[in-house]
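Residue numbers (numbering that gives the first Met the number 0), protein chains in the order written: chain A, 0 to 376; chain B, 0 to 376; chain C, 0 to 376; chain D, 0 to 376. No residue lacks a Cβ here, since even glycine has one placed at the ideal position from N, Cα and C.
There are 4 protein chains.
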Amino acid sequence: MTTMTYDAHRESVAGRADVEDTPELVAYYGDLARLKTAALWTVANKIEPWQPKSESVPVLWRYRDLREHVLRSVSLVTPEKAGRRVIYLDNPGRREVAAAVGWLYSGLQVMHPGEAASAHAHSTSALRFIMEGRGAYTIVDGHKMTLGVNDFVLTPNGSWHEHGVEADGLPCIWQDGLDIPLVNALEAGFFKVHPDMHQQVAYPVDDSLALWGAPGLRPHDVGWSKPYSPLFKYQWEPTYEALKRLAAASEGSPFDGVLMHYTNPLNGGHVMATIGASMQLLRPGFESKAHRHTGSFLYQVAKGRGYSIINGQRFDWQERDIFCVPSWAWHEHANASATEDACLFCFSDLPVMEKLALYREEALADRGGHQTVLPAA
Amino acid sequence: MTTMTYDAHRESVAGRADVEDTPELVAYYGDLARLKTAALWTVANKIEPWQPKSESVPVLWRYRDLREHVLRSVSLVTPEKAGRRVIYLDNPGRREVAAAVGWLYSGLQVMHPGEAASAHAHSTSALRFIMEGRGAYTIVDGHKMTLGVNDFVLTPNGSWHEHGVEADGLPCIWQDGLDIPLVNALEAGFFKVHPDMHQQVAYPVDDSLALWGAPGLRPHDVGWSKPYSPLFKYQWEPTYEALKRLAAASEGSPFDGVLMHYTNPLNGGHVMATIGASMQLLRPGFESKAHRHTGSFLYQVAKGRGYSIINGQRFDWQERDIFCVPSWAWHEHANASATEDACLFCFSDLPVMEKLALYREEALADRGGHQTVLPAA
Amino acid sequence: MTTMTYDAHRESVAGRADVEDTPELVAYYGDLARLKTAALWTVANKIEPWQPKSESVPVLWRYRDLREHVLRSVSLVTPEKAGRRVIYLDNPGRREVAAAVGWLYSGLQVMHPGEAASAHAHSTSALRFIMEGRGAYTIVDGHKMTLGVNDFVLTPNGSWHEHGVEADGLPCIWQDGLDIPLVNALEAGFFKVHPDMHQQVAYPVDDSLALWGAPGLRPHDVGWSKPYSPLFKYQWEPTYEALKRLAAASEGSPFDGVLMHYTNPLNGGHVMATIGASMQLLRPGFESKAHRHTGSFLYQVAKGRGYSIINGQRFDWQERDIFCVPSWAWHEHANASATEDACLFCFSDLPVMEKLALYREEALADRGGHQTVLPAA
Amino acid sequence: MTTMTYDAHRESVAGRADVEDTPELVAYYGDLARLKTAALWTVANKIEPWQPKSESVPVLWRYRDLREHVLRSVSLVTPEKAGRRVIYLDNPGRREVAAAVGWLYSGLQVMHPGEAASAHAHSTSALRFIMEGRGAYTIVDGHKMTLGVNDFVLTPNGSWHEHGVEADGLPCIWQDGLDIPLVNALEAGFFKVHPDMHQQVAYPVDDSLALWGAPGLRPHDVGWSKPYSPLFKYQWEPTYEALKRLAAASEGSPFDGVLMHYTNPLNGGHVMATIGASMQLLRPGFESKAHRHTGSFLYQVAKGRGYSIINGQRFDWQERDIFCVPSWAWHEHANASATEDACLFCFSDLPVMEKLALYREEALADRGGHQTVLPAA
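Structure (structure tokens):
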């Protein structure tokens, strides 16, 4: 017979719980349990930590390892059977909720020319970042958008959306980013399959770019009150050009180099209510200083090669690799090339942190702002 | 030896995952796992449910059951040892995260005249609703507030705060409401003990009421940019008077009777970034219709007696009882008295649902808007 | 024959226009005029002053002087003939636009028991501050409100509204405050007479107070998106109580004593888009320091007696007197009683100044912050 | 001896003032005047019109007429003497306030290579639209911007700014647009000459474009809380490209064709607090329908030729011509070319109308939405 222990979290610090189990107390705890209650001091130090300690572990997913397995899925299951033919990133600390990091889900999806997934809508928010191929498109509430490598597209909370690859395209692989674990945790997940399985394209192709994609301009009639960006599609070329122009005009951040957030042009804020995205350029030879902050971040290498040190662990990355930075983990990034810039795409739950007033940030003060790198495991 | 099963969540619905385990697939799943990945179709139907199904169960905590156990804690532990001497509500579906419902924590705290808890600050948001006693006070960032029964006070994210009972008071019991589970889940919890263990009172007692507690008025110099209400203290008497006036002027809601939200007078919004609160009056004999919505709600009966039907289960309540309504649970409330009104205090994560664009609501269409009550278990 | 002069505004300061008339230039100016153009340097120093110089002059309107004339209007014209039987305040510097100060209109209106003005709507914003009598009421978009002395009510831009006095009341005099001159100047004035001459009362009397008049509370269903406060009616007693509570808790402003702005409870902002209002309490013996700011302000003495010094001119006031402070005029206020507090109601175009980013403020640095008083004219 | 007349504005409409002068009333009016008051019913119908009637008259300023006179100013006055060498547009209905239309000032300024105006700051808001030349630049708070034809730049309220033409440029002519009349009318005008007469360039040239000029992107650190756009400079080429893309994707407005508003990328709103700007494209052969709205609008033809009908009067325009549409004037625009598109730049006080809740709009219902054109005067 096992004896229940209640005093595993004691701390002998003034203001913290420090109560030793006694037979009388243990009996009391049993009484409380029968009333669907418990004594706070048995768990207070555990549930009120001094600072966050993420359940997620830092992980680097190498594309050269993943790619063949993603492609293999094509021969193993049909899109009809699978719903979506996706291999998702399964953080060892977050298996229970199928998260890549924190409350963010991410998967790699493959689609062949002429294939198209059925249309659905959900209360989760999603984005899709193109990794390779040609001819990918997405339809969101009747707006069809064509997508090239390093472009990304929003398929927001509540919108009907579907993905496909044109018959004259090439096999496409993209990264999906969603807040599925968060929305499930918040017990607010709804899912609908489109009654006709596919939408009609109701507008000229890429019309959202024509309406919302010009800098410092908006159409006369806004006609938009939804809690996400009407732009939907964010393209690689103008983003990369913008980063290079910004690099010429601004020092950038010691922690992130030259970083721009993708925005909703109607309010300058994040692209969706729960997920933000950014692209950052690390100049040749750039080594950032280390900092840590709340929020969970998932990076994809859009260009170049380099490494990141996350909680003392070094991860060497190259184009198409994906890695995560858990909440409150120290991290710093470096471009390993002396001649070429490197670019990191990132999506995160930063909007959640900001809206709920939970964003905190700290720079590493010691060792010139750089972490001590731990020996490889 | 156990065989791993991957096809437990199949649904034979177009657009949903429906893939049967085969030896080849199981081997493939093993390969994926070694790369810290997995196949979405093995979990898609589980992580993308058609609609929310809360892990929390409806619970009624009867105060006549709890009270003696709360009082017993006084003789069992000192405040110094316990940190705070609190019995918390432990929803059977949420034991792992110490939540009363959803991601909300709640506890009952007892304090004797002359006692005072030490000051601390945390990134969780808290409120304190007085249930019985006399002489309770709270100090928030140097503002001391006196508190009577059915009053509540905010101790928001980031503020230094402490609780006590005046030496000439009576033993006090109050309900704490916090977002501890949410902030932990979001990996954004910070905790500090005040360096002097107690704050100085830096302003006239109840000054926040003098500055912010007048209807339709604000002081000339706002001097406030924090993400929570500067009013801090919300009193029972003016709230009850306001509900009676509103009841005379307005029909109210078929689902909630005469309900008012506590607000931040600077923006008309919720009192804190993550927790909202309301008080509602059910007229004598009032029986609401049933609806369901996202968000987790914890009620305390401030006045009267009646019952609520939650997902078909009837809970009879009287003054001081506490009960919860989980996300997307059908619920309806009734005042059991034909002559006296009943009042329900409630706090919830409604601000989170609204900010993250996850609030959804549905009225019960059948049976005249009333649930079928299940036989008691 | 008159010779046109163009060089009346020369200043010999670097960066300012300093061009002397020559025959050649005067001929050139004539050519320009024929093309509906002119040379900026002939007017630049005039139209770009170093700082504002108001066209309005400080005026005190003594109620003991005005009252009999206001009452006389009753026997001279009928409300039907007059439209509204109002004597308006005619600032000597603003006769052309019928303004009391700046772009604000104000008049005193008298109405006898049983009288009622017809309903109309206009794009100007209005408020009505009760000066004497009993039984006054106003109906705004079907909401009837009863009004006592020192109460005020909004009849905002676009609303149907009408005023009356109950048959069992006493003759009432009130002050109207409107932005008629501003709206005319902005060429945006519209006026409609109600098709039935009078509205139906569509809600319980004073229902807006029941919905929006409780501190730190709002009804569950907001149902309000108009650009003005849904509260409409602001009462004297709770305002005076609030000022006394604030005076006990806060030092107040050296320039304004204990001042509170009336607010829209939905956003904490001004009561209407173009007109703000405040009530301030001057403690017994209080003498403010002098400052000046942009915006036009019209005061009514709600309680007590004292004086104000405006651009060096002293104005002694007592209950019901009205005086104005023009834009950028130095001003300071004093309570002449050593035992009683004094209260000043004020309405202004502060919302306009703030929204258009034109608010500026300056404290008087010299002579301990007090103006030199000029000898009476 | 002249007899004063008070009943010039009578209307025999229920709800309007209709009081005939009598000797008794005229004597009464005299009494009121001595108290700095007057009877509302003598002016009510005048100051509360049924709808706006603008003091401004529609005017077309032909560039072929103006250009030589603008150039002549160079030989007539030095920039040092003139402050700024500007010929301003003097609406015959607004001479007193030096406005081109409503409360908007506009002038044409000429500057030769190597010339530079001194730096100043004012509480008026300004923009500068380049009409011809090469090498124009503007410096705003240390940010230097180069400007080409059809570009425009903001020099907002409170900013230090100065204009010049590079020594290797060509003579430049541009249109200034300011709210000088409005700010004067609101008695909020301040003016400062820079202590050093010129600013230092403190940032890389055109850095604001690098930070804020990318579509759907913003720099990581915003660092901006001013009430105007940080972008400052809006270029012709990307604007014209954007209009053509929008024309391919959207029908546009029946009243305005394909119109885009210039925005503040941080909030999607107007470029400054008091002045908005837009560019619109009229497709070949396009004839708009007529509407009218509040607000004052000044157009410059950026490309092409056509005509506008304003309150029944036809104005034929070509590139560089300027014309105005007064508040509540009916207006419709047409492109006279069957093959080339036409583009109209416009600035207006639309932000003022919107913020003060005074914007109203009406479509012409009769004659298929087209005005009857009056014979030329």
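Where residue i falls, given that 16 or more other Cβ within 10 Å makes a residue buried
i        : result
GLY141/A : exposed
VAL164/B : buried
LEU169/A : exposed
VAL200/C : exposed
GLY303/B : buried
ASP167/D : exposed
ARG244/D : buried
ARG127/D : buried
PRO78/D  : buried
ASP365/B : exposed
LEU373/B : exposed
SER207/B : buried
Assigned secondary structure, residue i (DSSP; H/G/I helix, E/B strand, else coil)
i        : result
SER384/C : There is no way to answer for residue 384/C, as the model of chain C reaches only from 0 to 376.
MET259/D : strand
LEU24/C  : helix
TRP223/C : coil
PHE329/B : Contrary to the premise, residue 329/B reads as Trp rather than Phe in this sequence. It is coil, neither helix nor strand.
GLU95/C  : helix
GLU67/D  : helix
GLU79/A  : helix
ARG127/A : strand
SER105/C : strand
LYS45/B  : helix
GLY29/B  : helix
Own chain partners of residue i with C-beta closer than 8 Å, once the 5 adjacent residues on each side are dropped
i        : result
PHE254/B : SER287, LYS288, ALA289, HIS290, GLU331, ALA362
GLY268/B : THR262, PRO350
PRO203/B : ALA209
Extent of the continuous alpha helix (DSSP H) run through residue i
i        : result
TRP235/A : 235-248
ILE274/A : Segment: none, ILE274/A is in no alpha helix (DSSP H) and carries neither H nor E.
VAL351/B : 349-354
VAL182/B : 179-184
LYS143/A : No alpha helix (DSSP H) holds LYS143/A; the beta strand (DSSP E) holding it covers 142-146.
ALA209/D : 206-211
Cut-off 6 Å between Cβ atoms - residues of its own chain near residue i, not counting five sequence neighbours on either side
i        : result
CYS171/D : MET110, GLY132, ALA135, VAL164
ARG15/A  : ASN44
Limits of the beta strand (DSSP E) - the one that residue i falls within
i       : result
TYR87/C : 85-88
Chain-order list of residues whose beta-carbon lies under 7 Å from that of residue i (same chain, five-residue window excluded)
i        : result
GLU54/D  : GLY92, ARG93
PHE40/D  : Per the sequence presented here, residue 40/D reads as Trp, with Phe not at that position. Cβ within range, chain order: ALA16, VAL18.
SER326/A : PRO51, SER53, GLY101, THR293, GLY294, SER295
PRO283/B : ASN334, SER336, ALA337, THR338, GLU339, ASP340
Beta bridge counterpart(s) of residue i as assigned by DSSP
i        : result
GLU318/D : According to DSSP, which records beta bridges pairwise, GLU318/D is partnered with nothing at all.
ASN334/A : GLY305/A
ALA38/B  : ILE86/A
ALA341/D : LEU281/D
TRP159/D : Looking at the DSSP assignment, TRP159/D forms no beta bridge with any residue, so it has no partner.
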